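**Student:** Submitted below is the structure of interest, expressed as structure tokens.
Protein chains in written order, with my numbering: chain V, 9 to 1073; chain Y, 137 to 536.
So, in structure tokens, the structure goes:
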């Protein structure tokens, strides 16, 4: 069926800020879809509140609205833009829900707008629990049997029909408390009784327990003619019970025979056909490990995280094809762009093995529980490809950038057999390392399987790696052994460590013996057809097939690896734009990255894509083959920066700012020298290695001081210390991971935090604008609300900042981007930090000023000057709009995580509010972050003593807004004394009703809780904050944020928001 | 032990010996299925060939005897990148290594199967030798490789005598319906292995008698008919048409099989006689090619064939595309079709080659791909229902 001629203008809904469970994959999907629509001559209107995305670029869509994703806003945009259709299935669950709300309210029908792709009825069938169950029953596809019961008798009777064990889930309890697994009637009665009591509505869901079954997924495509194919299937190494986003996943499935594979494939096709889905869809199954019994766990009637993974694992562009299908094309009409010969109706055949590993944030949330459950906790993921499973696993491990490079990276050798057996029971991110240790201690496969339910095939593969470790430790390193170790993807450094020789020696032996990496293609067809735009992965057991090219100029762009807190999607934005800019300038571009969720790893972004770990050795393998003329590291975040030295050793020139200048910015002594030369003040401080030294420096400076490791991004490990005890505590935490670089101790200055991104061509600088943080210093810049243009500082401060930026950029010989953070205390400006590279504010400032700074920086790196590019150097004129960047957190997903803001970054994403006035921009930003107030007009204030004065002012403003204020004893007293009416509530351990009861009563809009200094020692405050987050109550821990919220609410009125089309700026 | 794969063009791959320690010469082909190595090994159509699996990890779930498509493996040799040292599946009986050894199938592992596949793709299917003789002499080996021909393979793989297979009288005989909760782990542990998943939900072929001409049939062809209720009589490939016609079957099924269809001159002559009757006929793969040759069409050898479980075929009557299981090196030449005799029913979406024919004015339809799957997708299993409809007197124009 050819393209539907009635579709001319399509609105695409993005997924909003990055949160756990909804990350960069939707930028990838949305970008691919928009490009695919534009290819067809369709006018694209894009809406997404997330400014860090590539899809919100003016060259991706025709109209770009970075506006809050609410139905009201979407309605306004539809009225203004009058699209004929909307495409809601590419913006994750957020986009899908919005599309559904617009459809259900009748708005779309009344405005003659069609939902493209899958229909609303289908989405309901797939998303509504009961409708889905009924549909599955109708076509004979099984779901895990379940029933909602209100008394113990019904629960027992139902369980007798489905058999033990059963999972019990009380309705509406905090974080699933009161639930559990019952293996017999006694346990059932006990848990059920308790659960019924705890549930607010007195209901408990009794469900057949399928924990421990194999978890298998199929990615399915279907067109409007009913043709369907599976793109790929995937097997979770962790059985049912761990969210697939947190599981180690392998593609294709490894332990399924054709009978099981086809049984589930046919089921997936039956389901997608019955649901009448057009586009992409993900079906998750639980498969009994010792029978053919299976259950359908879930269907996602949209492009998902798994489909991004499947796309990268196979080369099949799911989002692109889904967009074409939405326009009316059938699968046999859409060409497969990788081969150029086959069609989208060809199922990919893999001739390699893919492993995905989650990037979990426990390094950021050290108080959080590491346990993995059905609630996803990963912020990102890495994917690796190899000709064998062991190799793919080893590559994935070292791609994580969590100081891990092999199965010994977490040391459990101190545990004896019994302790190991107990440790195996714990389902967390370290489980494979524990299994490895269990194997080292001689625990047999069956015992490990019985505890973990991880298939013996995978256990055997881990055993193969453990055996290789042992061989390297105990046997002479022969060429034969080295070859096998490399086939299993042991890095040279690990081989050296195990064999007790120098890494250089291993490398030399390898080169002498011709044991070098070969590159193979991902071509969707297992080499059956010639490929035109393949991408590459390395292996050690084959001949190289990377196509040799000798263009005039060749550049290597290093990607930024997995998405984690502190290094998000912004760096992918920068890498992709740099790649495009180099391409435009006539360079052949090569990207190396390992993140399957990103745009940069789409097959047609760079001329060549290498899906590889970003370690020196892996990069060198590529350099040996490609021999690039240079590499750029300034766009790939810390991941790329860390590779600078190694690249130079390989003889690859670093394009742009030189490595020694990057070093100078990070090295305390060198940097101090530069500041002295340029006469720029900074907070006094010193570098230390030990707690003793740190205390000495701190006492010399006077508390409070800022403690942080150098060479980190996102303020990891950064803390404000007010005493010697705290210094000791923080130094201990920082030094848990061996530090190659010193630790910095600085005097803590309280003032306004300001930030600039600038382009420097060696002579001139271009500053698109100055951003001001709402929160005072002490809150990480990534977690601060950031305002452009800076609105509370004087022109003199602005001039000083521009001047300091110019001096610093010149002194550091910056060619390309530089990011500088300042503190203004009165009229005085201090430098906090200088990063001669791209930063997380680059996409934001580019979009709101309309100055494409990555493109400019790339041109500058190539040799153009700012003037040649048509810009007048210096601080640019302020735009006619105010843009507020609001951090977004995922605290509710990570149990036990401390939510209070501090110098360590905790936000996972951001959204933007852009408007003519500051107040409206601020309101939009809060709205975009999901803070849509007022609702119940009740709030709780509980602040530490030092904050009481400011709390009174805030309380007064909220009182004026009509809020009823509850406060704990001393805060209530302070408020009442100052004439702000506050109701006193009891602390948690006091008698009911307490502050906790209030929060749990679901009638509170907002909690303002400032934690006591340092890492919070008070259980109470921590509990209040956690409870708020887990019950969906907004919780603010910085007074500046609270003030901003009050401002936003004060300026709220009923008139519709003004809309800004970024493409017009 | 070291093993070598020597190709006609002089390329040599060095790897490790697997399976039987025996030297063979054979036609080297590749298969892109990611699962189903046992079904591939036991598909008689591979007689006279050595199969290279493009998926690198083979043997992961061991050998489950229940999944064999015939009584033994047929390829002359087996070529893989990595043979799993361990296997894991609840139904596995033993390892693939043991299976290859016991059945005297030699093979080679540890070679770059992708590089081999690319050679076959670029230069076309060619002969090769698998040997453990480190002192092989290329000047001696290569002329032998060039001279080698597979020869009449159908005679080797067909059954020696006819036999009868009863159809299911009750759906329960088919095992449990796929997706139903009838699969109980304890049953397997107790050795009740009949509990395989079945897609068949009605016995629409009950009472129908099908004559299946065994040109090298996979078991699932008969099974697909029997599970729908048909009684099946399997005839050796050399059976005269008159014997089959005399048995008055409701329908005739021509199976898949190995080799160059044009070599089967005697069988083609008998198939022409079957064509001349009014008995409904359904043919798969080699059967499809032989029916085409019997009725004046032509076949030719493809450069490297279609072998895998991911090929899209389009039903020209409905425009629907199905993913099919395929295994063929020859194809019917569509250029030379006489539309008064037969018209294309299916084509391959990728290369446009013929994938099926409707016979004009006849109750005959034939397909190049494998609706019986095993291994591969089950999407086109409905064709067995179409055949049953034909036997039940429903006209050909049936759409699904």
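In this text, a Cβ means the ideal position worked out from N, Cα and C, and glycines have one as well.
Remember, predicted model here, so these are calculated numbers, not experimental data.
1. I need the straight-line Cα distance from residue 1108 (chain V) to residue 702 (chain V), nearest angstrom please.
2. Given residue 1006 (chain V), which residues of its chain have a CB within under 7 Å of its CB, disregarding the five upstream and five downstream residues?
3. Contact criterion: CB-CB distance below 7 Å. Does residue 337 (chain V) meet it with respect to chain C?
4. Is residue 947 (chain V) helix, strand or coil when you go by DSSP?
5. If you count every other CB in all the chains shown that lies within 10 Å of the CB of residue 137 (chain Y), and 16 or more means buried, which is it?
6. Run down chain Y in chain order and give the residues with a C-beta less than 9 Å from the C-beta of residue 465 (chain V).
7. With 8 Å as the limit, tell me which residues of the segment 287-302 of chain V have their beta carbon closer than that to any beta carbon of chain Y; keep them in chain order.
8. Quick one: does residue 1022 (chain V) have its CB under 7 Å from some CB of chain Y?
9. Tell me which residues of the segment 250-276 of chain V have at least one Cβ-Cβ distance to chain Y shorter than 7 Å, keeping chain order.
10. Under the three-state reduction of DSSP, which class applies to residue 1028 (chain V): helix, strand or coil?
11. Classify residue 530 (chain Y) as helix, strand or coil using the three-state DSSP reduction.
12. Roughly how many angstroms separate the alpha carbons of residue 789 (chain V) and residue 937 (chain V), rounded to a whole number?
13. Looking only at C-alpha atoms, which of V:727, V:235, V:653 and V:766 sits nearest to residue 752 (chain V)?
14. Taking DSSP's pairing of strands, which residues face residue 177 (chain V) in a bridge?
15. Would you mind working out which of Y:345, Y:194 and Y:141 sits nearest residue 272 (chain Y), comparing C-alpha positions?
16. Whose C-beta lies closer than 8 Å to the C-beta of residue 147 (chain V) among residues of the same chain, with five residues either side of it excluded?
17. Given this structure, state the Cα-to-Cα distance separating residue 186 (chain V) from residue 421 (chain V), to the nearest angstrom.
18. Could you list which residues in chain Y have their beta carbon closer than 7 Å to that of residue 237 (chain V), in chain order?
19. Just to confirm the assignment: which complete beta strand (DSSP E) runs, minimum length 3, are found wholly within the segment 237-306 of chain Y?
20. By a C-beta neighbour count over all protein chains shown, 10 Å radius and 16 as the cutoff for buried, is residue 506 (chain Y) buried or exposed?
21. Apply the 10 Å Cβ neighbour rule to residue 681 (chain V) and answer buried if 16 or more other Cβ atoms are within range, or exposed otherwise.
22. Taking the DSSP output, what are the residues bridged to residue 188 (chain Y)?
23. CA-CA distance, residue 15 (chain V) and residue 109 (chain V)?
24. Do you know offhand how far residue 740 (chain V)'s Cα is from residue 707 (chain V)'s?
25. Can you have a look at residue 1024 (chain V) and say buried or exposed, based on whether 16 or more other CB atoms are within 10 angstroms of its CB?
26. Looking at chain Y, which residues of the segment 867-890 of chain V have a Cβ within less than 8 Å of any of its Cβ atoms?
27. Are three or more beta carbon pairs between the segment 186-201 of chain Y and the segment 354-370 of chain V nearer than 8 Å?
28. Chain Y partners of residue 351 (chain V), CB-CB under 9 Å?
29. For the alpha helix (DSSP H) that contains residue 317 (chain V), what are its first and last residues?
30. Which residue or residues does DSSP assign as beta-bridge partners of residue 769 (chain V)?
31. If you follow the beta strand (DSSP E) that residue 921 (chain V) is part of, which residue opens it and which one closes it?
32. Which residue or residues does DSSP assign as beta-bridge partners of residue 693 (chain V)?
33. Got a sec: is the Cβ-Cβ distance from residue 170 (chain Y) to anything in chain V below 7 Å?
34. Kindly indicate the opening and closing residues of the alpha helix (DSSP H) around residue 586 (chain V).
35. Along chain Y, in chain order, which residues have C-beta atoms closer than 7 Å to that of residue 397 (chain V)?
36. Measuring CA to CA, which of V:750, V:744 and V:704 is closest to residue 733 (chain V)?
**Tutor:** Working from what's here:
1. Because chain V in this structure spans residues 9 to 1073, residue 1108 (chain V) falls outside the shown range and cannot be described.
2. Numbered from 1 along the first chain, position 998 holds the residue referred to as residue 1006 (chain V). For residue 1006 (chain V), where only same-chain residues beyond five positions count, the Cβ hits under 7 Å are 948, 974, 993 and 1012.
3. No chain C appears in this structure, whose protein chains are V and Y.
4. By one-based count along the first chain, residue 947 (chain V) stands at place 939. The answer is strand: DSSP assigns residue 947 (chain V) an E or B state.
5. Looking up residue 137 (chain Y) in the second chain gives position 1. The residue is exposed, with fewer than 16 neighbouring Cβ atoms inside 10 Å.
6. Taking the first chain and counting its residues from 1, the one referred to as residue 465 (chain V) is at position 457. Residues of chain Y passing the Cβ test: 196, 197, 220, 222, 223, 224 and 225.
7. 296, 297, 298, 299, 300, 301 and 302
8. Here the question's residue 1022 (chain V) lines up with position 1014 in the first chain. Caution is warranted here: a pLDDT of 47 is assigned to residue 1022 (chain V), below 50, making its placement in the model unreliable, and no coordinate value can be reported.
9. 260, 262, 263, 264, 265, 266, 267, 269, 270, 271, 273, 274 and 275
10. Counting from one through the first chain, the residue named residue 1028 (chain V) turns up at place 1020. Looking at residue 1028 (chain V) - three-state DSSP - the assignment turns out to be helix.
11. Counting from 1 along the second chain, the entry for residue 530 (chain Y) is found at position 394. Correct three-state label for residue 530 (chain Y): coil.
12. Residue numbering aside, residue 789 (chain V) sits at position 781 when the first chain is read from its first letter. Residue numbering aside, residue 937 (chain V) sits at position 929 when the first chain is read from its first letter. If I take the Cα positions, the gap works out to 17 Å.
13. Sequence index remark: in the first chain, residue 752 (chain V) carries index 744 (1-based). The shortest Cα separation from residue 752 (chain V) among V:727, V:235, V:653 and V:766 belongs to V:727.
14. Here residue 177 (chain V) corresponds to residue number 169 of the first chain, with the count starting at 1. Its beta-bridge partners are V:213.
15. Residue mapping note: residue 272 (chain Y) aligns to position 136 of the second chain, counting from 1. Considering only alpha carbons, the answer is Y:141.
16. Within the first chain, numbered from 1, the residue matching residue 147 (chain V) stands at position 139. Closer than 8 Å at the Cβ level, and outside the excluded window around residue 147 (chain V), lie 278, 279 and 282.
17. Numbered from its first residue, the first chain carries residue 186 (chain V) at position 178. Numbered from its first residue, the first chain carries residue 421 (chain V) at position 413. Answer to the nearest angstrom: the Cα atoms are 35 Å apart.
18. Within the first chain, the letter at position 229 stands for residue 237 (chain V). Going along chain Y in sequence order, the residues near residue 237 (chain V) (Cβ under 7 Å) are 459.
19. 242-245, 262-267 and 299-301
20. Residue 506 (chain Y) sits at position 370 when you count from the first residue of the second chain. Its Cβ being crowded by 16 or more others within 10 Å, residue 506 (chain Y) is buried.
21. In the first chain, residue 681 (chain V) corresponds to position 673, counting from 1. Counting Cβ neighbours within 10 Å, residue 681 (chain V) comes out exposed, since fewer than 16 surround it.
22. On the second chain, residue 188 (chain Y) is found 52 positions in, with the first residue counted as 1. For residue 188 (chain Y), which the question treats as bridged, DSSP gives the partners Y:166 and Y:215.
23. Residue numbering aside, residue 15 (chain V) sits at position 7 when the first chain is read from its first letter. Residue numbering aside, residue 109 (chain V) sits at position 101 when the first chain is read from its first letter. Distance between the alpha carbons of residue 15 (chain V) and residue 109 (chain V) is about 21 Å.
24. Position 732 of the first chain, counted from the start, is the residue given in the question as residue 740 (chain V). Position 699 of the first chain, counted from the start, is the residue given in the question as residue 707 (chain V). Going by the C-alpha atoms only, they are around 18 Å apart.
25. For the purposes of this step, residue 1024 (chain V) is identified with residue 1016 of the first chain, where counting begins at 1. A caution first: residue 1024 (chain V) carries a pLDDT of 48, below 50, which makes its placement in the model unreliable, though a value can still be read off. Within a 10 Å sphere around the beta-carbon of residue 1024 (chain V) sit 16 or more other beta-carbons, which makes this residue buried.
26. none
27. Yes, since at least three Cβ pairs between the segment 186-201 of chain Y and the segment 354-370 of chain V fall closer than 8 Å, the two stretches touch.
28. Along the first chain, one-based indexing puts residue 351 (chain V) at 343. Neighbours of residue 351 (chain V) on chain Y, chain order: 448, 457, 485 and 486.
29. The residue labelled residue 317 (chain V) in the question sits at position 309 within the first chain. Counting along the chain, the alpha helix (DSSP H) containing residue 317 (chain V) begins and ends at 313-322.
30. By one-based count along the first chain, residue 769 (chain V) stands at place 761. DSSP output for residue 769 (chain V) lists V:823 as bridge partner(s).
31. In the first chain, counting from the first residue as 1, residue 921 (chain V) sits at position 913. Per DSSP, residue 921 (chain V) belongs to the beta strand (DSSP E) from 917-923.
32. On the first chain, position 685 is the one that residue 693 (chain V) refers to. Note: residue 693 (chain V) sits in a beta bridge opposite V:754.
33. In the second chain, the residue the question calls residue 170 (chain Y) occupies position 34. Cβ-Cβ to chain V under 7 Å: yes for residue 170 (chain Y).
34. Counting from one through the first chain, the residue named residue 586 (chain V) turns up at place 578. Start and end: 578-592.
35. By one-based count along the first chain, residue 397 (chain V) stands at place 389. Within 7 Å Cβ-Cβ: 193.
36. Taking the first chain and counting its residues from 1, the one referred to as residue 733 (chain V) is at position 725. Checking every option, the nearest Cα to that of residue 733 (chain V) belongs to V:704.
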